[in-house]
Amino acid sequence: MTPPDDADGSTGAWVGLFSGGKDSAWAVYRALERGLPVEWLLTVHPTGDSYMYHVPETRLTALVAESIGIPLIDVEPDSFDAESAADSSTQGNDELEPLEAALADLADDLEGDGGLAGVTAGAVESEFQTSRIEAMCERLECDLFAPLWREDPRELAESMLEAGFEIVIVQVAAAGLDESWLGRTLDYDALEELEALNEEYGVHILGEGGEFETLVMDGPHMDRRLDLEYETEWEGTRGRIRVSEARLE
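Quick note, the numbering used here runs 1157 ahead of the 1-based positions in the sequence shown.
Below is the structure:
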């Protein structure tokens, strides 16, 4: 699932599958640390609930990409109606199509410059997502770099904090996560509480099951910190922030 150790000898461009959340940001950061030539970031912007993609506030990736200094490709798919899908497997395959089409177009454009070498992904435990991305990479004949895959969630979270990632929770949808978590910084105290919620309710410490979504405000891979103004929306059992203004400091 990861490229050869001699990354410096690889040819072609890498693309970071990027939502602005902590997991995809960590995958891009680790790829850059490793010396992989990540020349593009790519964000899919779902218009509704999605089985495959991070949904809230994906428009902010344009500012984050500017801070990182890597060009961004925006993918605007048709509306995903997860609730009316015949089954989740079919829906997942349908959702993958616009991503694969965008990467195939990019691979064609890069053909004279070494082609598409690989993509980065932030999957931790989701076979549903990872199996589809792996199959896509096989069809595109490129590598997949997934540095979070099957790693210990608590150790991953601590590694992000130790590296200097500033992570904010932008959406919650799980028992034990109330409105007070919206806009909260994911720090060591929050990790302790998430471990307790994991024991009581089964909440994944990294939100891998969609229990919560995050946004990386700052990190060692970013030149400027993201600053937000927002309001919170709470619907009784789930909620999110709605950003009214965003800027780079």
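Glycine is no exception: its CB is placed at the ideal position from the N, C-alpha and C atoms.
Does the distance from the CB of residue i to the CB of residue j come in under 8 Å?
i     : j     : result
V1172 : L1256 : no
G1279 : D1300 : no
E1223 : L1405 : yes
V1232 : A1259 : yes
E1386 : E1402 : yes
T1215 : G1177 : yes
L1348 : A1314 : yes
V1400 : L1217 : yes
I1326 : F1285 : no
V1329 : K1179 : no
L1318 : A1261 : no
Which of the three DSSP states, helix, strand or coil, is assigned to residue i?
i     : result
A1164 : Low confidence applies here, because A1164 scores a pLDDT of 46, under 50, leaving its location unreliable and the question unanswered by this model.
I1326 : strand
L1301 : strand
G1366 : coil
T1394 : coil
A1314 : helix
S1353 : Before going on, a small fix: residue 1353 reads as Ala here, not Ser. Looking at A1353 - three-state DSSP - the assignment turns out to be helix.
A1292 : helix
I1230 : strand
W1171 : strand
S1176 : coil
W1338 : helix
Pull up the distance between the alpha-carbon of residue i and that of residue j, whole angstroms please.
i     : j     : result
G1169 : I1398 : 38 Å
W1338 : V1221 : 22 Å
A1359 : E1323 : A small fix is needed here, since residue 1359 is Gly in this sequence, not Ala. Answer to the nearest angstrom: the Cα atoms are 25 Å apart.
R1191 : A1331 : 35 Å
G1166 : P1194 : Because the pLDDT of G1166 is 48, which lies under 50, any placement of that residue in the model is unreliable, and the number read from its coordinates should be weighed accordingly. Cα to Cα, G1166 sits roughly 11 Å from P1194.
D1251 : E1357 : 35 Å
E1197 : E1308 : Note that residue 1197 corresponds to Trp in the displayed sequence, not to Glu. Using only the alpha carbons, I get a separation of about 25 Å.
T1277 : D1335 : 32 Å
P1304 : T1342 : 23 Å
C1219 : E1352 : A small correction: the amino acid at residue 1219 is Ala; Cys does not occupy that position in the sequence shown. Spanning the two alpha carbons is a distance of roughly 32 Å.
E1312 : L1383 : 25 Å
L1174 : D1235 : 18 Å
S1288 : G1272 : 23 Å
R1381 : D1346 : 25 Å
Using a Cβ-Cβ cutoff of less than 6 Å, which residues in the same chain neighbour residue i once the five nearest sequence positions on both sides are dropped?
i     : result
P1310 : I1362, L1363
A1182 : V1373
Suppose the cutoff is 8 Å on Cβ atoms and the five residues either side in sequence are ignored; what does the same chain contact list for residue i look like?
i     : result
I1230 : V1172, W1197, L1198, L1199, T1200, A1259, L1263
G1340 : V1325, I1326, V1327, Y1387, T1389, I1398
Within the same chain, show all residues whose beta-carbon is closer than 7 Å to that of residue i, passing over the 5 residues directly before and after it, in chain order.
i     : result
S1283 : E1365
G1333 : L1354, E1357, Y1358, V1360
Could you tell me whether the region 1367 to 1378 touches the region 1172 to 1190, where touching means 3 or more Cβ pairs closer than 8 Å? yes
Evaluate the contact criterion for the region 1262 to 1269 versus the region 1286 to 1295: three or more CB pairs, one atom per stretch, below 8 Å. no
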